[in-house]
Amino acid sequence: MVEEKKSVRAPKKFMAGFLAHWQIVASAVLLGAGVTGLAATYEDYCGMTDLAYAPTEVRDELQHASEESGVRTGVLASQLETESHWRVGVASHAGAQGLAQFTPETWEMWGQGGKITDPEDSIKAQGHYLAYLRERLAPLADSEDELVDLMLAGYNAGPGAVEHYKDIPPYGETQEYVKKIDALASSKYKVTCDPDPQFSQAQISYSTAKD
5 MVEEKKSVRA
15 PKKFMAGFLA
25 HWQIVASAVL
35 LGAGVTGLAA
45 TYEDYCGMTD
55 LAYAPTEVRD
65 ELQHASEESG
75 VRTGVLASQL
85 ETESHWRVGV
95 ASHAGAQGLA
105 QFTPETWEMW
115 GQGGKITDPE
125 DSIKAQGHYL
135 AYLRERLAPL
145 ADSEDELVDL
155 MLAGYNAGPG
165 AVEHYKDIPP
175 YGETQEYVKK
185 IDALASSKYK
195 VTCDPDPQFS
205 QAQISYSTAK
215 D
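When we follow my numbering, the leftmost residue of the sequence shown carries the number 5, and every step to the right adds one.
Laid out in structure tokens, this is it:
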């Protein structure tokens, strides 16, 4: 009989204790949900962007290219700054032109009838080509970050070189190219509500100097 009374009292004590503290438990749950909700609200509405320092006139094109290629807009801006420093008229020693530095031959494939020196057309072609590189090089990557680096390497050295080495090719220029874009993407063009004041607004220029 003594053991039976203890077994009956135990659930009653548990329920009494739980009911006595239910307000504390509920408050903790609501507080946790509130903090999570506030964090989400802050991220949604604080004005987070990675294009604070990108030229204002091509932000829509960068967004469209991002949607097509799956590459963050800040990475695309970092790539353009690395390729041309936002100079429309710059030409490389290999004859590449425009913001995204396409050669006339590759422009025939990816320019879709646009003008190679037109900033908007150049960014559109950038998005088209990166989308192609994503599909082609995806089997070689184990993560999204790795895939984006392989896409950038393929943009610089050609996808065949990436497939041959199954990695970023061991070319000094290509290695530095990917590193520079990654560094810009994590600093000047990072996603933030509070852009770093050490950077200045990028401006598109129409210089004709060779790179």
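Beta carbons: idealized from backbone N, C-alpha and C, even for Gly.
Computed from a predicted model, the values in this text were never measured in an experiment.
Within 8 Å, strictly: CB atoms of residue i and residue j
{"i": "Leu188", "j": "Glu85", "result": "yes"}
{"i": "Leu141", "j": "Pro163", "result": "yes"}
{"i": "Leu144", "j": "Lys183", "result": "no"}
{"i": "Gly78", "j": "Val152", "result": "no"}
{"i": "Leu103", "j": "Ser126", "result": "yes"}
Rounded distance between the beta-carbons of residue j and residue i, thought under 8 Å
{"i": "His68", "j": "Gly131", "result": "7 Å"}
{"i": "Val75", "j": "Ser209", "result": "Actually they do not touch by this definition, with Cβ atoms about 24 Å apart."}
{"i": "Gly118", "j": "Pro108", "result": "Wrong, their Cβ atoms sit about 13 Å apart, outside the cutoff."}
{"i": "Phe106", "j": "Ala81", "result": "The pair is not a contact, with the Cβ atoms about 17 Å apart (cut-off 8 Å)."}
Close-in-space but distant-in-sequence residues of the same chain around residue i (CB under 7 Å, 5 per side omitted)
{"i": "Glu124", "result": "Val62 and Glu65"}
{"i": "Leu137", "result": "Met155, Gly158, Tyr159 and Pro163"}
Same chain, Cβ closer than 6 Å to residue i, five either side skipped, listed in chain order
{"i": "Trp111", "result": "Ile120"}
{"i": "Tyr181", "result": "Asn160"}
{"i": "Asp149", "result": "none"}
{"i": "Gln83", "result": "Ile185"}
Of the residues the options, the one placed nearest residue i, counting alpha carbons only
{"i": "Trp114", "options": "Lys183, Ala135 and Met52", "result": "Ala135"}
{"i": "Gln207", "options": "Met52, Thr53 and Ala58", "result": "Ala58"}
{"i": "Glu71", "options": "Asp122, Thr60 and Tyr133", "result": "Tyr133"}
8 Å Cβ shell around residue i - same chain, five flanking residues per side excluded
{"i": "Ser191", "result": "Asp200 and Phe203"}
{"i": "Thr178", "result": "Ala157, Asn160, Ala161, Ala165 and Ile172"}
{"i": "Tyr46", "result": "Note that Tyr46 has pLDDT 45, beneath the 50 cutoff, so the model's placement of it is unreliable and the number below is only indicative. Answer for Tyr46: Cys197, listed in chain order."}
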